[in-house]
Amino acid sequence: MCGIVGYSGKGEALDFLLSGLERLEYRGYDSSGIAIISEGEFRVVRAVGKISNLKKAVKEAQLPNSSIGIGHTRWATHGKPSLENAHPHTVGRVSLIHNGIIENYLTLRRKLEAQGCKFLSETDTEVIAQLLNWYLTGEKDQLEALQKTCSELEGSYAFVALDKENPTTLLLAKSATPLVVGRKEGEVFVASDIPALLNEVRKITVLEDGDIAIASPEKFLVINQGKEQNRKPTYISWDIVTAQKGGYKHYLLKEIHEQPQAVTDSLSGRMLVSEEKINFKEINQDFLKRLIEARSIILVGCGTAWHAGLVAKNYFEGISKISTVVEYASEFRYKKSFFSKSFLNGPLEGAVLGAISQSGETADTLGAVDIVKERVPTFAVCNVLGSSLTRAVNETFYTHAGPEISVASTKAFTTQVLISLLIALYIYQEKHLAKANSLEQEMFKKVFREILHLPALVKEVFTVEDEIKEASSYFRKVNSCLYLGRGICFPIAVEGALKLKEISYIHAEGYPAGEMKHGPIALIEEETPVVFLLQDNSLMAKKIFSAMAEVKSRGAKNILITNYNQLDQFFKVADTIIKVPTVSEVLSPFVLTVPLQLLAYYVAVMRGTDVDLPRNLAKSVTVE
832 MCGIVGYSGK GEALDFLLSG LERLEYRGYD SSGIAIISEG EFRVVRAVGK ISNLKKAVKE
892 AQLPNSSIGI GHTRWATHGK PSLENAHPHT VGRVSLIHNG IIENYLTLRR KLEAQGCKFL
952 SETDTEVIAQ LLNWYLTGEK DQLEALQKTC SELEGSYAFV ALDKENPTTL LLAKSATPLV
1012 VGRKEGEVFV ASDIPALLNE VRKITVLEDG DIAIASPEKF LVINQGKEQN RKPTYISWDI
1072 VTAQKGGYKH YLLKEIHEQP QAVTDSLSGR MLVSEEKINF KEINQDFLKR LIEARSIILV
1132 GCGTAWHAGL VAKNYFEGIS KISTVVEYAS EFRYKKSFFS KSFLNGPLEG AVLGAISQSG
1192 ETADTLGAVD IVKERVPTFA VCNVLGSSLT RAVNETFYTH AGPEISVAST KAFTTQVLIS
1252 LLIALYIYQE KHLAKANSLE QEMFKKVFRE ILHLPALVKE VFTVEDEIKE ASSYFRKVNS
1312 CLYLGRGICF PIAVEGALKL KEISYIHAEG YPAGEMKHGP IALIEEETPV VFLLQDNSLM
1372 AKKIFSAMAE VKSRGAKNIL ITNYNQLDQF FKVADTIIKV PTVSEVLSPF VLTVPLQLLA
1432 YYVAVMRGTD VDLPRNLAKS VTVE
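Heads up: the sequence shown is residues 832 to 1455, going by my numbering.
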């Protein structure tokens, strides 16, 4: 996720570019840059880090006045954060900024290099700049060049380009990634998100998928599938803070609702639909071979990332057939023999270590990797390109969840679980699928097809949001509650309990439902909320029903969140049943996690806590 701004008009471009980028800094913040046209030439300034670094670099560059320019703040997806990889990318007569992921960029890059194009960065964005420059050089018509460029791109993108041969014109294209335009007399403003524009205009035109456009102070032409479109502007009444949150009250709620898109981005380029195969073309093939041949997998993480590891254990053992251990990174890094005081090497034989972290800067996770990286292959499941963790391991499976502003993790967890599932399926595909029986092969295909529909399934969960909000009333006056699940739902219960603790400050514990009788049941009294999770599994349904009946007899308030269909008997023991879309058991975490995030959110709002910045917590724990 990146921030994009563009301007052409009678004013000073730099003023809008820098102020607009500041309002979009929440979208990405590892590097930034601007480009203007002055006296027929590009002037480009880029910086690593926050917008304050860019402003300093712009001041030092003493740029001349200009009436046209583009600006970008980056959240890296291809190529580490660096000056070379920062946007804009300038090639010949084109300077271009981009938000999204070009899935076929390697194929296009090889094609362009064969035609003599020289690349200066590692990014997928430079491929677009090279293509557009190629077609503009060969075509007199900007529109034709835009159409030909976009016809070759696969993936998601919104881009804005300058053409120094036409120094009043912005070239725009949009596919699956937002791009908005605002106009007033003698000026046109472009951005990836509404907040960047609200100080200048209130009437906003939202481009639609497949749109290409030419925007200047004099004209605004939008084409889709070869036909001119009349995109009508919408009046925006939000203030800027509300706009940054997408109209949501809190970043947390916005990020919960961003999960369908986060899932889409995580899947991008990794699903070979025609072949029904998982593909990790971005990962070194020798490393993938070592992963496939691993005798065991050790997963380390902290907090929510550890919970993602618990779900991943179900996948690696239940799909890949590889024994898996999940360790707290803070414990694993100090795992020493009582006699020799040296690190325990035994568990490392034949193992691969996977480290899970949203930020890639978690101190204990880095410490855990550091202690074993010379002895075993290592990989990360991480959201931040170029972070310390990604530099410490052999390979990184990026989640592409986009920035999380709220301290409590939501979409990062969901995409960590998704990447773990894809890795597990990939190992099975490469190691077991060819010799599997017909039933197992059909199950693999069924799960593959369901994953393709996962963004829509996650989106469907939001149809029960009002029911979840209503269920939050059970937590109004309580100080303690339980979350219970079995099998793959146990780690989801633990994560749900953590979310409630983090943002509502209610004591909550997640347990395997079968362990309830071994202690937790002593906590249950009149009105105690107990959240039960049930996947689509008839055996688990019988066990969960028995547990619900037992706590109901002690006066508890039972909340059942499930994708199981045969629910008649559960109405006898549940105070509330929240039914989410039915999916295969292996995909249950995705439709059961979102309701728990929403439940924690609405309980926290009801209790008046600081949802986005809960007390005593930090987004990235960079100290022990």
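Ideal placement from N, C-alpha and C gives every residue a C-beta, glycine not left out.
Close Cβ partners of Phe847 (< 6 Å) along its chain, the five nearest in sequence each way excluded: Tyr838
For Leu1029, the nearest candidate out of Leu852, Val1215, Gln1260 and Ser1251 (CA to CA): Leu852
Cβ shell of Tyr1259 (< 6 Å), same chain only, five flanking positions each side left out: Ile1150 and Ser1151
Expected contact under 8 Å - CB spacing of Leu977 and Leu1010 to nearest Å: With 8 Å as the limit, Leu977 and Leu1010 do not qualify as a contact, their Cβ atoms being about 13 Å apart.
Candidates Ile1282, Leu894, Ala1378 and Ala1302, of which the one nearest Val1104 by Cα: Ile1282
Between the CA atoms of Gly1134 and Thr1196 - distance to the nearest angstrom: 11 Å
Segments assigned alpha helix (DSSP H), at least 4 residues, entirely inside the segment 880 to 952: 882 to 892 and 936 to 945
Pair within 8 Å by beta-carbon distance, Leu1203 and Val1289: Inspection of the sequence shows that residue 1203 is occupied by Val rather than by Leu. No.
Whole-number beta carbon distance between Ala1353 and Arg1317, since they are thought to touch under 8 Å: The Cβ separation is near 20 Å, so there is no contact.
Ranges of the alpha helix (DSSP H) found wholly within the segment 1341 to 1403, counting only runs of at least 4: 1369 to 1383
Contained alpha helix (DSSP H) runs [length at least 4] in the segment 1256 to 1344, N- to C-terminal order: 1269 to 1283, 1285 to 1292, 1296 to 1302 and 1320 to 1335
Exposure label - Thr1453; buried when at least 16 CB within 10 Å: Confidence at Thr1453 is low in this model, with a pLDDT of 46, below 50, so its placement is unreliable and no value can be given for it.
Nonlocal neighbours in the same chain, by C-beta distance under 8 Å from Ser1304, ignoring five residues either side: Met1437
Own chain partners of Gly1341 with C-beta closer than 6 Å, once the 5 adjacent residues on each side are dropped: Tyr1314, Ala1324, Val1325 and Ala1328
beta-carbon Thr1245 near the ligand NAP non-hydrogen atom, thresh 7 Å: As far as ligands go, the structure on display features none, and thus does not contain the ligand NAP.
Assigned exposure category for Ala945 - 16 Cβ within 10 Å defines buried: exposed
Residue span of the alpha helix (DSSP H) that contains Lys1076, given as start and end: That residue, Lys1076, is in no alpha helix (DSSP H); it is neither H nor E in DSSP.
Runs of alpha helix (DSSP H) wholly within the segment 1013 to 1097 (minimum 4 residues, chain order): 1071 to 1075 and 1082 to 1088
Reduced DSSP category for Val1454 - H, G, I as helix; E, B as strand; rest coil: Its pLDDT being 46, under 50, Val1454 is placed unreliably in this model, and the value from its coordinates should be taken loosely. Looking at Val1454 - three-state DSSP - the assignment turns out to be coil, as it is neither helix nor strand.
Residues bridged to Lys1005 [DSSP beta-bridge criterion]: Ala989
Distance between beta carbons of Gly1181 and Ser1127, contact taken as under 8 Å: 6 Å
Coarse secondary structure for Tyr1456, derived from DSSP in three states: Examination of residue 1456 is not possible in this model, given that the chain is present from 832 through 1455 alone.
Separation of Lys887 from Glu934, as counted between CA atoms: 34 Å
Continuous beta strand (DSSP E) assignments of at least 3 residues falling wholly in the segment 1093 to 1138: 1127 to 1132
Where the alpha helix (DSSP H) containing Val1436 begins and where it ends: Ser1419 to Arg1438
First and last residue of the uninterrupted alpha helix (DSSP H) at Val1207: Note, Val1207: premise wrong, no alpha helix (DSSP H); not H, not E.
Residues near Leu1188 by beta carbon distance below 6 Å, same chain, minus five either side: One point to set straight first is that residue 1188 is Ser, not Leu, in the sequence displayed. So the list reads Ala1136, Thr1196, Cys1213 and Leu1220, once near-sequence residues are dropped.
Burial state of Asp1443, where buried means 16 or more other Cβ atoms lie within 10 Å: buried
Endpoints, beta strand (DSSP E) assigned at Val1183: Ala1182 to Ser1188
Meets three-Cβ-pair contact criterion under 8 Å: the segment 1095 to 1115 and the segment 979 to 992: yes
Coil, strand or helix - Lys1167 by DSSP: strand
Ile867, DSSP secondary structure in three states: strand
Nonlocal neighbours in the same chain, by C-beta distance under 7 Å from Glu1357, ignoring five residues either side: Gly1386
Anticipated Cβ contact below 8 Å, Ile867 with Ala844, distance rounded: 6 Å
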